[in-house]
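Throughout the sequence shown, residue numbering follows the numbering used here, covering 17 to 200 in sequence.
Where a beta carbon is used, it is the ideal one built from N, C-alpha and C, also for glycine.
Everything below concerns the one structure shown next.
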Amino acid sequence: AALFLLGWTDVSFKNVAETFFTKRVGVDYYPWAFLASSLLLVGTTWGIGRLASRMDLLRLLPRTFFALAVLLLPIWLLVRAEVPGIYAVQLILQKQLTSISLIVFWVAMGELLHARQAKRLFAPMMAGLTVGTILGSLASGPLGAWLGIDVLLPLSAVTMVAAGVVTLPLRNLRPRFDHHRGRP
Numbered sequence: 017a018a019l020f021l022l023g024w025t026d027v028s029f030k031n032v033a034e035t036f037f038t039k040r041v042g043v044d045y046y047p048w049a050f051l052a053s054s055l056l057l058v059g060t061t062w063g064i065g066r067l068a069s070r071m072d073l074l075r076l077l078p079r080t081f082f083a084l085a086v087l088l089l090p091i092w093l094l095v096r097a098e099v100p101g102i103y104a105v106q107l108i109l110q111k112q113l114t115s116i117s118l119i120v121f122w123v124a125m126g127e128l129l130h131a132r133q134a135k136r137l138f139a140p141m142m143a144g145l146t147v148g149t150i151l152g153s154l155a156s157g158p159l160g161a162w163l164g165i166d167v168l169l170p171l172s173a174v175t176m177v178a179a180g181v182v183t184l185p186l187r188n189l190r191p192r193f194d195h196h197r198g199r200p
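Here it is as structure tokens:
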């Protein structure tokens with residue numbers, strides 16, 4: 017369910033970011049935006065990796081989703097206000113949101129599942145991500161036409177919050193003996 021919602025969030029946010037960037041900034045600047053995003057990704061993935069190494073991953077997972085959802089709301093307000101530069105920032109942040117959420121998810125799953133479980137569950141989890149991406153993509157067009165393309169940002173925040181909510185019970189599924197952190 018969490019990956020389904022992440023797939024939906026990712027494609028909705030991506031559709032908004034790329035639509036506005038193409039219309040307001042232009043396709044000539046895509047390489048620069050992707051370069052900036054990639055450079056920023058080096059820092060954000062390093063930072064989230066350090067954070068994950070110091071925290072309880074099954075608590076970090078929903079908190080990360082909630083924090084990323086909250087981040088979408090000021091972006092939406094800045095887009096509505098047509099603040100100069102927000103369209104490039106939005107495109108850059110979209111890649112960060114996707115990467116951070118998936119890294120934290122998979123690292124948390126690594127703490128929760130042993131190798132045999134992971135082998136069995138990887139395909140259904142990825143199917144959830146794929147179905148969420150497909151349905152989110154199909155819904156983005158009609159929702160954007162009906163409510164306005166910018167309204168997909170708060171809707172993405174809602175789906176990200178829902179992803180956080182469905183990960184809350186994972187803390188109760190923690191293996192009885194956690195050998196990675198030395199806790200009983």
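So, helix, strand or coil for Asp72, using DSSP? Here residue 72 is taken as the residue at index 56 of the sequence shown, counted from 1. In the structure shown, Asp72 sits in coil (DSSP, three-state: anything other than H, G, I, E or B).
Taking the CB atoms as reference points, tell me whether Ala85 and Val27 lie closer together than 9 Å. Taking the first residue of the sequence shown as 1, we reach residue 85 at position 69. Taking the first residue of the sequence shown as 1, we reach residue 27 at position 11. In this structure, Val27 does not lie closer than 9 Å to Ala85 by Cβ.
If we ignore side chains and look at the alpha-carbon of each, how far apart do Ile150 and Phe82 end up? The residue given as residue 150 occupies position 134 in the sequence shown. The residue given as residue 82 occupies position 66 in the sequence shown. Ile150 and Phe82: Cα-Cα distance of roughly 23 Å.
Under a three-way DSSP split, which group does Val41 fall into? The count along the sequence shown starts at 1 and reaches residue 41 at position 25. Note: Val41 maps to coil in three-state DSSP.
Beta carbon of Val32 nearer than 9 Å to that of Leu169: For the purposes of this step, residue 32 is taken as the residue at position 16 of the sequence shown. For the purposes of this step, residue 169 is taken as the residue at position 153 of the sequence shown. In this structure, Leu169 lies closer than 9 Å to Val32 by Cβ.
Could you pull out every residue in the same chain whose Cβ sits closer than 6 Å to the Cβ of Leu77, ignoring the five residues on either side in sequence? On the sequence shown, position 61 is the one that residue 77 refers to. The residues are Val120, Ala124, Thr183.
Distance check for Phe50 and Ile64, CA to CA, integer angstroms please. Locating residue 64 in the sequence shown gives position 48, where the first residue counts as 1. Locating residue 50 in the sequence shown gives position 34, where the first residue counts as 1. Cα-Cα distance, rounded: 20 Å.
Return the chain-ordered list of same chain residues with a C-beta closer than 6 Å to the C-beta of Gly180, the five sequence neighbours on each side being excluded. Residue mapping note: residue 180 aligns to position 164 of the sequence shown, counting from 1. Within the same chain, Gly180 has close Cβ partners Pro78, Phe81, Phe82.
Coarse secondary structure for Leu129, derived from DSSP in three states: For the purposes of this step, residue 129 is taken as the residue at position 113 of the sequence shown. Coil.
Report back the beta-carbon spacing between Ala37 and Leu107 to the nearest angstrom; my notes put them in contact at under 8 Å. Indexing the sequence shown from 1 puts residue 37 at position 21. Indexing the sequence shown from 1 puts residue 107 at position 91. Sequence check: residue 37 is Phe here, not Ala. Contact holds; Cβ gap of about 5 Å.
Whole angstroms are fine: how far does the CA of Ala97 sit from the CA of Leu145? Position 129 of the sequence shown, counted from the start, is the residue given in the question as residue 145. Position 81 of the sequence shown, counted from the start, is the residue given in the question as residue 97. Rounded to the nearest angstrom, the two C-alpha atoms are 32 Å apart.
State buried or exposed for Ala161, treating a residue as buried only when at least 16 other CB atoms are found within 10 Å of its CB. As a working mapping, residue 161 is identified with position 145 in the sequence shown. It counts as exposed.
Close Cβ partners of Met142 (< 8 Å) along its chain, the five nearest in sequence each way excluded: Here the question's residue 142 lines up with position 126 in the sequence shown. Contacts found: Leu19.
Expressed to the nearest angstrom, what Euclidean distance is found between the alpha-carbon atoms of Val167 and Trp24? Translated into positions along the sequence shown, residue 167 becomes position 151. Translated into positions along the sequence shown, residue 24 becomes position 8. If you take the alpha carbons of Val167 and Trp24, they lie about 14 Å apart.
Excluding five sequence neighbours on each side, which residues of the same chain lie with their C-beta closer than 6 Å to the C-beta of Tyr45? Position 29 of the sequence shown, counted from the start, is the residue given in the question as residue 45. Same-chain partners within the cutoff: there are none.
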